[in-house]
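Take any residue in the sequence shown, count from 1 to its spot, add 273: that is its number in this note's numbering.
Glycine included, every Cβ here is placed at the ideal spot set by N, Cα and C.
In this text, all values refer to a predicted model and were calculated from it rather than measured experimentally.
Below is one structure, written out as structure tokens; comments come after it.
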Amino acid sequence: MKLRQSYPIQEAIRDLETIFDKTVTDADFRKELQIILDLSKKSGRLPFRSIFEKFIAQRKKNQFYSDLPDEDKEIIEDLFHFWG
Numbered sequence: 274m275k276l277r278q279s280y281p282i283q284e285a286i287r288d289l290e291t292i293f294d295k296t297v298t299d300a301d302f303r304k305e306l307q308i309i310l311d312l313s314k315k316s317g318r319l320p321f322r323s324i325f326e327k328f329i330a331q332r333k334k335n336q337f338y339s340d341l342p343d344e345d346k347e348i349i350e351d352l353f354h355f356w357g
């Protein structure tokens, strides 16, 4: 897998919103994640590692163990590289 050369914050947030829309079924948790993303837009900083840890903990709590699509895995790898 080849990593991106850059990952602008607006694109990173948009990609996370897309992944969360597809995978987060709990409306309250999705709202919590959206608040973090909205604050990131304002601050220009993306606390990706913290967001990812919350995302994984929620999946574990809800016993949602299905694998993410390869496209989403690549996005997450890139996010860790640039924002983690």
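Top-ranked residue by Cα proximity to Asp-345, from Arg-322, Thr-296, Ser-313, Gln-278: Residue 345 sits at position 72 when you count from the first residue of the sequence shown. Nearest of Arg-322, Thr-296, Ser-313, Gln-278 to Asp-345, Cα basis: Thr-296.
For Trp-356 and Phe-321, believed in contact at Cβ under 8 Å, the rounded distance: For the purposes of this step, residue 321 is taken as the residue at position 48 of the sequence shown. For the purposes of this step, residue 356 is taken as the residue at position 83 of the sequence shown. Contact between Phe-321 and Trp-356 holds: CB atoms are separated by about 4 Å, below the 8 Å threshold.
Gln-307 versus Asp-340, Ile-282, His-354, Leu-289, residue with shortest Cα-Cα distance: Here the question's residue 307 lines up with position 34 in the sequence shown. Taking only the C-alpha atoms, the option nearest Gln-307 is Leu-289.
Cβ-based burial, Ala-300 [other Cβ within 10 Å; buried from 16]: Residue 300 sits at position 27 when you count from the first residue of the sequence shown. Exposed, since its Cβ has fewer than 16 Cβ neighbours within 10 Å.
8 Å CB neighbourhood of Lys-314 in its chain, flanking five on each side removed: Position 41 of the sequence shown, counted from the start, is the residue given in the question as residue 314. Closer than 8 Å at the Cβ level, and outside the excluded window around Lys-314, lie Ile-282, Gln-283, Ile-286.
Residue environment, Leu-319, which counts as buried when at least 16 other CB atoms sit within 10 Å: Taking the first residue of the sequence shown as position 1, residue 319 is located at position 46. Leu-319 should be labelled buried.
Cβ-based neighbour list, Tyr-413, same chain, cut-off 8 Å, excluding 5 preceding and 5 following: Coverage of the chain is limited to positions 274 through 357, which leaves residue 413 absent and any answer about it impossible.
Rounded separation between Lys-304 and Gln-278 - CA only: As a position in the sequence shown, residue 304 is number 31, starting the count at 1. As a position in the sequence shown, residue 278 is number 5, starting the count at 1. Approximately 31 Å between the Cα atoms of the pair.
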